[in-house]
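Numbering (my numbering), first residue to last: 1 to 235. Ideal Cβ positions, reconstructed from N, Cα and C, are used throughout, including at glycine. First the structure, in the form of structure tokens, and then the observations on it.
Okay, here's the thing in structure tokens:
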């Protein structure tokens, strides 16, 4: 009897502290699939692509899709116009709770709204289950975020399955990359991003007709260079 109770406690503790949540991520151009792998005992999670924009399955870890949260810091691979950069980010969202509720995957979810890096979002979360975790960079609520969408409907993260299995986090790969690679902070990345765009525009020449023009417009979830997202830059 005691053995059965112990096994139950161990199983319950495992399910409570580790989990895999499958998400569908829709942006302006494509539909991708990700897994959010959580091990809250180690205070680490991985936002792992499992299907790319071409519909191809992605199984292996690689530096181009590196996206790891360790404690409250995110270690991410991202791109400017011309190069890939490794970033250490500490995103924070200020949430405003609302009275709206929604059933997602059988869970009764509460609602909160935030404005984050140029966009307004509405999130639905399971209260008191995996507090502070969510897809991509979203965090800070007292429960797991199952769905979040931008007000302009251009970006949407929706959980499609909550899997009570041990998350397949490759700690050896993650530890190795964190030790051997240099990560710049968010302010350094945004500065590099803007500088790279300005250099690109300055070097380009218009090869269009006399009445034509080139317009550079960036589609990126974070509005680092706001005018690029709205009207674009003519050059």
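Assuming contact is defined by CB atoms lying nearer than 7 Å, are residue 201 and residue 215 in contact in what I supplied? Locating residue 201 in the chain shown gives position 201, counting from the first residue. Locating residue 215 in the chain shown gives position 215, counting from the first residue. Contact flag unset, no.
For residue 193, which of helix, strand or coil comes out of DSSP? Residue 193 sits at position 193 when you count from the first residue of the chain shown. The answer is helix: DSSP assigns residue 193 an H, G or I state.
Scan the segment 134-202 and note each continuous beta strand (DSSP E) run of 3 residues or more that stays entirely inside, going in chain order. 143-150 and 156-163
Are the CB atoms of residue 111 and residue 24 within a distance shorter than 7 Å? Here residue 24 refers to the residue found at position 24 of the chain shown. Here residue 111 refers to the residue found at position 111 of the chain shown. It is not a contact, given that the beta carbons lie outside the stated cut-off.
Buried/exposed call for residue 115, threshold 16 Cβ in 10 Å: Taking the chain shown and counting its residues from 1, one reaches residue 115 at position 115. Exposed: under 16 other Cβ atoms inside 10 Å.
Taking its Cβ as the centre, do 16 or more other Cβ atoms sit within 10 Å of residue 231, making it buried, or is it exposed? Within the chain shown, numbered from 1, the residue matching residue 231 stands at position 231. Residue 231 should be labelled exposed.
What separation, rounded to the nearest whole angstrom, lies between the Cα atoms of residue 74 and residue 177? For the purposes of this step, residue 74 is taken as residue 74 along the chain shown, with counting starting at 1. For the purposes of this step, residue 177 is taken as residue 177 along the chain shown, with counting starting at 1. If I take the Cα positions, the gap works out to 13 Å.
Buried/exposed call for residue 48, threshold 16 Cβ in 10 Å: Taking the chain shown and counting its residues from 1, the one referred to as residue 48 is at position 48. Buried is the call here.
May I ask you to report which of helix, strand or coil DSSP gives residue 101? Within the chain shown, residue 101 is the residue found at index 101, counting from 1. Looking at residue 101 - three-state DSSP - the assignment turns out to be strand.
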